[in-house]
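Numbered by the working numbering, the letters in the sequence shown go through residues 147 to 656 in order.
We treat Cβ as the ideally placed atom computed from N, Cα and C, and that holds for glycine.
Source: prediction; values computed, not measured.
A short worksheet on the structure shown next.
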Amino acid sequence: MSQANFLSVVESFSQKQVLITGATGFLGKAILEKILRETPDVGRVFLLIRGGAIDACERCSQDVFGSSLFDVLRDKHGAGFDAFISSKVEVVSGELTAPDFGLSDVDFIRLAGKLDLIINSAASVNFREAMDQALKINTLSLNNIVKLVQSKAQGSKATKVLQISTCYVNGLNRGVMREEVVSPASGLLSRNKDGTYDIEPVINQLNRKINRIYQNNHDASRQQNKLIQLGIQQSQHFGWSDTYTFTKWLGEQLLIQALDKQNLTILRPSIIESAVSSPLPGWVEGVKVADALIYAYAKGRVSIFPGDDNGILDVIPVDLVANSALMCSAQLFQSASRYRIYQCCSGRLNPIRLKQFIDYIQQASLDQYQQLPKLFAGKPQDAFKTVTPKTFRLYMAALKGSTWLKTIMGRLLGSKSAGRLMDKANTTASLATIFGFYTAPKYRFDSIQLEQLQARFSVLEQKRFNAKADSYSWKVYLQTIHLPGLHQYALAGKPDLTKAQENKQQDQAA
Ligand SMILES: NC(=O)c1ccc[n+]([C@@H]2O[C@H](COP(=O)([O-])OP(=O)(O)OC[C@H]3O[C@@H](n4cnc5c(N)ncnc54)[C@H](OP(=O)(O)O)[C@@H]3O)[C@@H](O)[C@H]2O)c1
Numbered sequence: 147m148s149q150a151n152f153l154s155v156v157e158s159f160s161q162k163q164v165l166i167t168g169a170t171g172f173l174g175k176a177i178l179e180k181i182l183r184e185t186p187d188v189g190r191v192f193l194l195i196r197g198g199a200i201d202a203c204e205r206c207s208q209d210v211f212g213s214s215l216f217d218v219l220r221d222k223h224g225a226g227f228d229a230f231i232s233s234k235v236e237v238v239s240g241e242l243t244a245p246d247f248g249l250s251d252v253d254f255i256r257l258a259g260k261l262d263l264i265i266n267s268a269a270s271v272n273f274r275e276a277m278d279q280a281l282k283i284n285t286l287s288l289n290n291i292v293k294l295v296q297s298k299a300q301g302s303k304a305t306k307v308l309q310i311s312t313c314y315v316n317g318l319n320r321g322v323m324r325e326e327v328v329s330p331a332s333g334l335l336s337r338n339k340d341g342t343y344d345i346e347p348v349i350n351q352l353n354r355k356i357n358r359i360y361q362n363n364h365d366a367s368r369q370q371n372k373l374i375q376l377g378i379q380q381s382q383h384f385g386w387s388d389t390y391t392f393t394k395w396l397g398e399q400l401l402i403q404a405l406d407k408q409n410l411t412i413l414r415p416s417i418i419e420s421a422v423s424s425p426l427p428g429w430v431e432g433v434k435v436a437d438a439l440i441y442a443y444a445k446g447r448v449s450i451f452p453g454d455d456n457g458i459l460d461v462i463p464v465d466l467v468a469n470s471a472l473m474c475s476a477q478l479f480q481s482a483s484r485y486r487i488y489q490c491c492s493g494r495l496n497p498i499r500l501k502q503f504i505d506y507i508q509q510a511s512l513d514q515y516q517q518l519p520k521l522f523a524g525k526p527q528d529a530f531k532t533v534t535p536k537t538f539r540l541y542m543a544a545l546k547g548s549t550w551l552k553t554i555m556g557r558l559l560g561s562k563s564a565g566r567l568m569d570k571a572n573t574t575a576s577l578a579t580i581f582g583f584y585t586a587p588k589y590r591f592d593s594i595q596l597e598q599l600q601a602r603f604s605v606l607e608q609k610r611f612n613a614k615a616d617s618y619s620w621k622v623y624l625q626t627i628h629l630p631g632l633h634q635y636a637l638a639g640k641p642d643l644t645k646a647q648e649n650k651q652q653d654q655a656a
């Protein structure tokens, strides 16, 4: 390929105006940092942030630029950091789910007129979100994105959209999952001639069920529980494991159809974890999915879990996802075409099986527990074992029965350890309900098209925006980058606990 034919992130972002949603979150922040540090000629970056007890600008200072993620950029600009940020970044105070984000007509149209690109990273990533909330945030709010695109004056260059989705929109399907529209595993939805799915009847049906719950349940917590149950039940009925992935799939369909299959790229990451190298190795925010299990194991609350040792646990470092997002954006700017779908994952190029993942983490836990006191209050006592979902159900039923008896006896005799056992059984059961699907994977995600896209950038840019899932070793990443990163960044605000303090906390909670 000649130099002239290469795509370029740096060139394509020059003078462009970009809206990012979800910048207070884990991935949105990583994408923003990358744009500001690696494409300093970008025109302006608008951040849609919702205000709450504190206003959106204040939240931006605290939750976005207050993050250690921006330390490298802060060092680069020194005393000029604030001026640089003011010259490039503008906060738009808005609620994703409100009509026009809650902006006035004038402000909405003005914003629409300025944009070259929208990167939509905002979402509810709660797997068991209430059905009404998940539908609003992950699906229906995309109507606002569509309206923003369509509100641009006729004749001006079309605004491009990069939608951050998830590999897990593949739901309950099995086998190799390609970078294409997902067919629901249930086979219950009718497919349009163009390969998309008719989602309007599904959304109408969901809204009817939601309204019935509103009408019949006036107690707020009962209503919430019913809406959570509805989400899980409907997701599984249509072919997904949880409400999050079902509503993200609906969102993909909505965008593809409403944007008439143009100027849209859908980027589906797998499970996103700490940065492998840039800007800070190990940087991570929040304790989600795989980390929630690592954390519970470190705290002695989980030692047995349903899973498939031979299944591929698809994890991908956040910097690789951010770099992929920039490459997809460059392609949107430089080569228009019908919509594209890419999967950003490790399962094809650098697969790791669940058993190997657990072994690396366990080995590192035994070697490093003293250096990671926010994570470990002492030497991990039990080995972490996986069992089949069926064995797990039998084990939990037996454990809960015997633990319940021991707890009653323990309380009568003044012993605390039985309460801790009950706490462990409850933590294991609730983590298994939420994450059990992800530790027993029945498929491998394909990423050939994303790999082909990477090859369209110069060697220099491929290094600068490294998105190669085989560019690191799992042993090195998990043991020397991710685990220390969890301790240093995700748990930064947590105190170091001794075993006695931790037991006391667990006794109080039990
Ligand atoms: N994390 C993963 O492992 C993973 C894996 C695959 C795909 N993804 C996708 O990656 C994207 C980002 O995920 P993440 O892990 O960064 O999630 P996150 O940390 O929970 O961030 C979610 C972001 O969405 C914003 N948001 C949610 N509801 C909103 C609303 N009603 N109005 C305005 N903003 C709203 C949040 O703002 P507030 O701060 O105001 O709440 C926050 O900035 C999502 O689209 C997700 O589906 C994530």
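Under 8 Å Cβ to Cβ from residue i, same chain only, skipping five residues before and after it: list those, please.
| i | result |
| --- | --- |
| residue 245 | 290 |
| residue 472 | 155, 159, 177, 180, 181, 184, 185, 611 |
| residue 435 | 417, 581, 584 |
| residue 208 | 200 |
| residue 528 | 446, 449 |
| residue 532 | 450, 451, 452, 453, 454, 455, 500, 501, 504, 585 |
| residue 526 | 443, 444, 446, 508, 511, 512, 515 |
| residue 224 | none |
| residue 241 | 196, 247, 248 |
| residue 620 | 496, 498, 502, 503, 506 |
Tell me which same chain residues have a C-beta within less than 6 Å of the C-beta of residue i, skipping the five on either side of it?
| i | result |
| --- | --- |
| residue 318 | 331, 385 |
| residue 176 | 464, 468 |
| residue 574 | 448 |
| residue 618 | 422 |
| residue 197 | 239 |
| residue 388 | 273, 381 |
| residue 615 | 492, 495, 496 |
| residue 313 | 414, 416, 489, 491, 591 |
| residue 640 | 520 |
Within 10 Å of its beta-carbon, does residue i have 16 or more other beta-carbons around it, so buried, or fewer, so exposed?
| i | result |
| --- | --- |
| residue 316 | buried |
| residue 587 | buried |
| residue 334 | exposed |
| residue 306 | buried |
| residue 322 | exposed |
| residue 194 | buried |
| residue 368 | exposed |
| residue 170 | buried |
| residue 483 | exposed |
| residue 470 | buried |
| residue 276 | buried |
| residue 485 | buried |
| residue 437 | buried |
Is the beta carbon of residue i sitting closer than 8 Å to the one on residue j?
| i | j | result |
| --- | --- | --- |
| residue 211 | residue 181 | no |
| residue 425 | residue 183 | yes |
| residue 458 | residue 325 | no |
| residue 396 | residue 243 | no |
| residue 227 | residue 602 | no |
| residue 350 | residue 344 | no |
| residue 91 | residue 632 | The structure shown does not extend to residue 91, since the chain spans only 147 to 656, so no value can be given for it. |
| residue 281 | residue 411 | no |
| residue 413 | residue 308 | yes |
| residue 462 | residue 629 | no |
| residue 294 | residue 400 | no |
| residue 624 | residue 510 | yes |
| residue 635 | residue 346 | no |
| residue 442 | residue 577 | yes |
| residue 310 | residue 173 | yes |
| residue 270 | residue 390 | yes |
| residue 420 | residue 255 | no |
| residue 279 | residue 342 | no |
| residue 205 | residue 589 | no |
I'd like to confirm something about residue i: is its beta-carbon nearer than 7 Å to some heavy atom of ligand 2, or not?
| i | result |
| --- | --- |
| residue 417 | Ligands displayed in this structure: ligand 1; ligand 2 is not among them. |
Starting from the C-beta of residue i, find all residues in its chain whose C-beta is less than 7 Å away, skip the five residues before and the five after it, and write them out in chain order.
| i | result |
| --- | --- |
| residue 545 | 571 |
| residue 103 | Residue 103 is absent from the model: the chain starts at 147 and stops at 656. |
| residue 189 | 161, 162, 163 |
| residue 433 | 441, 636 |
Does residue i get closer than 8 Å to chain D when you measure Cβ to Cβ?
| i | result |
| --- | --- |
| residue 499 | In the structure shown, chain D cannot be found, because there is only a single protein chain. |
Three Cβ pairs or more, each shorter than 8 Å: is that satisfied between the stretch 294-301 and the stretch 509-525? no
Quick one: any contact between the stretch 254-266 and the stretch 164-177, if contact means 3 or more CB pairs under 8 Å? yes
I'd like to know if the stretch 373-380 and the stretch 400-410 are in contact, where contact means that at least 3 CB-CB pairs between them fall below 8 Å. no
For the stretch 592-602 and the stretch 479-491, state whether three or more C-beta atom pairs, one from each stretch, are separated by less than 8 Å. yes
Any contact between the stretch 220-237 and the stretch 346-366? By contact I mean 3 or more CB pairs, one from each, below 8 Å. no
Per the contact definition of three or more C-beta pairs closer than 8 Å, is the stretch 522-542 in contact with the stretch 440-455? yes
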